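Participant:
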Amino acid sequence: MTEALANADRLGLPNMVFVQISTYGNDNTWIIDALKEVGGIRGRGVVGFDSEHIDTRTLQHWHDLGVRGVRLNLRSSKVTLSKNEIQSVLRKYAEKLRPMKTWSIELYADMEVLDHVQPIVSELQVKIVLEHFGSPSILPLDPAKQPGHNDGGSARVCEDFSSVSVL
């Protein structure tokens, strides 16, 4: 951590964000330890957890340390979820996060998932972050032909996803 902080200082970066990587599953130890070390003013975190096995007290503790989101990996999973299953998962997480007010759901998912997410974004009432630009395929080069850009192209995506960020 000392090297990371020194490097951030050298680059003039006042803040750091620690994101739970999928290989650690729901073990957020390194993120929590990092946030304790850098402090909530300088650091923010995105954790992983099971929406059915998390309590409000833990979420509040993490929030106090600087956590502001949960990462859902729908891309690397060996299980392919249906539209209804994806929407159900998002609703469960949104229900847990809504009281935290400033938290987001970060989706590591393929672009095709946008077609499943778009109809329920406004009902979720939490910010949605689509990581890695939705992992679009290399071909076709025309973004409007990418899966997830259905019958309205990117203009519709931008219009309907006012609470969606793409990183």
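Using this note's numbering, the first residue of the sequence shown is number 1, and each one after it goes up by one.
We put the CB at the ideal spot given by N, CA and C, even for glycine.
In this text, all values refer to a predicted model and were calculated from it rather than measured experimentally.
#1: Pick from L97, Q60, H53, A109: whose alpha carbon is nearest that of Q125?
#2: Roughly how far, in whole angstroms, is the beta-carbon of E95 from the beta-carbon of V46, given that I think they are within contact range, below 8 angstroms?
#3: State buried or exposed for M111, treating a residue as buried only when at least 16 other CB atoms are found within 10 Å of its CB.
#4: Write down every uninterrupted run of the beta strand (DSSP E) in the segment 64–125 whose length is 3 residues or greater and which is fully enclosed by it, in chain order.
#5: Starting from the C-beta of G43, find all residues in its chain whose C-beta is less than 6 angstroms away, skip the five residues before and the five after it, and write them out in chain order.
#6: Is F49 closer than 9 angstroms to V79 when the C-beta atoms are compared?
#7: Do E52 and K101 have their C-beta atoms closer together than 9 angstroms?
#8: Tell me the rounded alpha-carbon separation between F18 and E37.
#9: Roughly how many angstroms lie between the CA atoms of L11 and A4, to the nearest whole one?
#10: By the DSSP assignment, the alpha helix (DSSP H) with I32 in it spans what residues?
#11: Going by alpha carbons, who is nearest to I41 out of G25, A144, R68?
#12: Are there 16 or more other CB atoms within 10 angstroms of the CB of L130, so buried, or fewer, so exposed?
#13: L90 and L114 - do their beta-carbons sit closer together than 9 angstroms?
Facilitator: In this structure, then:
#1: Comparing alpha carbon positions, the residue from L97, Q60, H53, A109 closest to Q125 is L97.
#2: The pair is not a contact, with the Cβ atoms about 18 angstroms apart (cut-off 8 angstroms).
#3: By the neighbour-count definition (other C-beta atoms within 10 Å, threshold 16), M111 is a buried residue.
#4: Whole beta strand (DSSP E) segments, 3+ residues: 67–73, 104–108.
#5: Answer for G43: M16, L35, G66, listed in chain order.
#6: No, Cβ-Cβ distance for V79 and F49 is not below 9 angstroms.
#7: No.
#8: Pairing F18 with E37, the inter-Cα distance amounts to about 12 angstroms.
#9: Cα to Cα, L11 sits roughly 11 angstroms from A4.
#10: 29–38 is the extent of the alpha helix (DSSP H) around I32.
#11: Comparing Cα positions, the closest option is R68.
#12: Looking at its Cβ environment, which holds 16 or more other Cβ atoms inside 10 Å, L130 is buried.
#13: Taking a C-beta distance under 9 angstroms as the contact criterion, L114 and L90 do not qualify as a contact pair.
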